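K.L.:
The following block contains the structure, expressed as structure tokens.
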Amino acid sequence: MPLVETEAIVLRTHRLGEADKIVSLLTRQLGRLRAVAKGALSRRSRFGSALEPLSYIRLWIYDREGRDLQRLGSAEVVESFFEMQKDYRMQVAAQYLAEVTERFLPDREVNERAFRLLMAVLRALKHFGEVNRPLLFFDYWLLRLGGFLPDLSCCMKCRKSFAGQAGFYVESSESLLCSACRSGGSGTQLSAQALALIDEFRSARIEEWLRMKKAPAGSRELRLFLEQVIEAHLERKLVTRRLLAEEG
Ligand SMILES: [Zn+2]
């Protein structure tokens, strides 16, 4: 049973019996996996505070190939995202990132770009204290990396370009229609402004984009649509999406 060193982001933990924890992790070298942390709940646990949700950690893991549950040898914190989660809205945003990552990325599939994306978005939340644009950036890039981003440049039916025009979508759809193709005035509007935002961040690093200006109009609108695309793709409702919506 080889002991493997890797970096990871803690997605979620839950209690296992009296003293242990099951930890859901996105690791850099082994992909997403779950592992048991023996004794993690005991007072003098060797894991210390390394297993807090969204901690960026270095860990040693007994990789039992073919097994559903691995075993954690030890772990240490590289960067903590604990403080920022004292703000409830930040906590919900962080939990959203964890929930989507856990549902979206397949087990044991190494995905360096998704790992770096999650790290960058966590740091953006921490340093800029803003929720909308970091989550929008995350949704967009996760869908794009996974190959599930719909064509947002034109109507899915008539293929007419949106250039300066609004798009429309209905509940659980994964793409946009133009105003002529939507039936009987139905659907939620995604403004031209929101669609134009994509060009703003598509070729920028997240912190460059966030430094540009304070929450541009349309970012929330676009985020809500991409969240819906993610839910439609996962074929399930996200618990944290509802919590985010309650927070406005
Ligand atoms: Zn059309």
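Using my numbering, the first residue of the sequence shown is number 1, and each one after it goes up by one. From the three backbone atoms N, C-alpha and C, an ideal C-beta is built for every residue, glycine too. Quantities reported herein were computed from a predicted structural model and do not represent experimental measurements.
Suppose the cutoff is 7 angstroms on Cβ atoms and the five residues either side in sequence are ignored; what does the same chain contact list for F81 look like?
P.N.:
Here F81 has L54, S55, A94, L122 and K126 as same chain residues with Cβ atoms under 7 angstroms from its own Cβ, once five neighbours each way along the sequence are excluded.
K.L.:
I'd like to confirm the pairing. Which residues does DSSP put opposite S24 in its beta bridges?
P.N.:
For S24, which the question treats as bridged, DSSP gives the partners R12 and R34.
K.L.:
Evaluate R236 with the Cβ neighbour count: other Cβ atoms within 10 Å of its Cβ, from every protein chain shown; 16 or more gives buried, anything less gives exposed.
P.N.:
exposed
K.L.:
Can you name the residues that DSSP bridges to D107?
P.N.:
R32
K.L.:
I'd like to know whether the C-beta atoms of E112 and R32 end up nearer to each other than 9 angstroms.
P.N.:
The answer is no: Cβ separation not under 9 angstroms.
K.L.:
Just to confirm, are M259 and E200 a CB contact at a threshold of 9 angstroms?
P.N.:
Since the first residue of the chain shown is 1 and the last is 248, residue 259 is not available in this structure.
K.L.:
Taking the DSSP output, what are the residues bridged to F168?
P.N.:
L177 and Q189
K.L.:
Name, in chain order, the residues that DSSP records as bridge partners for S269.
P.N.:
Residue 269 lies beyond the range of the chain shown here (1 to 248); nothing can be said about it.
K.L.:
If you reduce the DSSP assignment to three classes, tell me which class R223 lands in.
P.N.:
helix
K.L.:
Measure the beta-carbon distance from D68 to P2 and round it to whole angstroms, keeping in mind my assumption that it falls under 8 angstroms.
P.N.:
For a cut-off of 8 angstroms, the C-beta gap from D68 to P2 is around 17 angstroms, too long to register as a contact.
K.L.:
Specify, as a first and last residue, the run of the beta strand (DSSP E) that A75 falls within.
P.N.:
Annotation for A75: the continuous beta strand (DSSP E) segment containing it runs L69 to E79.
K.L.:
Just list the residues that DSSP pairs L59 with in beta bridges.
P.N.:
T6 and A75
K.L.:
Taking V254 as part of the alpha helix (DSSP H), name the residues at either end of that continuous run.
P.N.:
Residue numbering for the chain in the displayed model covers 1 to 248; residue 254 lies beyond these limits and cannot be assessed.
K.L.:
Count the other CB atoms, across all protein chains shown, that sit within 10 Å of the CB of D107; report buried if there are 16 or more and exposed otherwise.
P.N.:
exposed
K.L.:
With respect to the alpha helix (DSSP H) encompassing F162, which residues constitute its N-terminal and C-terminal limits?
P.N.:
No alpha helix (DSSP H) holds F162; DSSP gives it neither H nor E.
K.L.:
Tell me, to the nearest whole angstrom, how far the beta carbon of A166 is from that of S191; I am working on the premise that it is less than 8 angstroms.
P.N.:
5 angstroms
K.L.:
Residues in its own chain within less than 8 angstroms of S219 by CB, not counting five upstream and five downstream?
P.N.:
N132, R133, L136, A194 and L197.
K.L.:
What residue range is occupied by the uninterrupted alpha helix (DSSP H) comprising M84?
P.N.:
Segment: none, M84 is in no alpha helix (DSSP H) and carries neither H nor E.
K.L.:
Answer yes or no: the CB of L195 versus the heavy atoms of ligand 1, is any distance below 8 angstroms?
P.N.:
False, no ligand heavy atom lies under 8 angstroms from that Cβ.
K.L.:
Going along the chain, which residues of its own chain have a beta-carbon closer than 8 angstroms to the beta-carbon of F138, five neighbours each way excluded?
P.N.:
Correct list, in chain order: L97, V100, L117, L118 and V121.
K.L.:
Could you compute how far the alpha carbon of T6 sits from the alpha carbon of A50?
P.N.:
14 angstroms
K.L.:
Excluding the five sequence neighbours on either side, which residues of its own chain have a C-beta within less than 6 angstroms of the C-beta of G187, listed in chain order?
P.N.:
F168, Y169 and V170
K.L.:
Report the option in I206, S172 and S203 whose CA atom is closest to the CA atom of L283.
P.N.:
This structure leaves residue 283 out entirely; the chain is present only between 1 and 248.
K.L.:
Between which two residues does the alpha helix (DSSP H) harbouring F148 extend?
P.N.:
Where F148 is concerned, there is no enclosing alpha helix (DSSP H), given that its DSSP letter is neither H nor E.
K.L.:
Please report the straight-line C-alpha distance between V78 and R44, rounded to a whole angstrom.
P.N.:
20 angstroms
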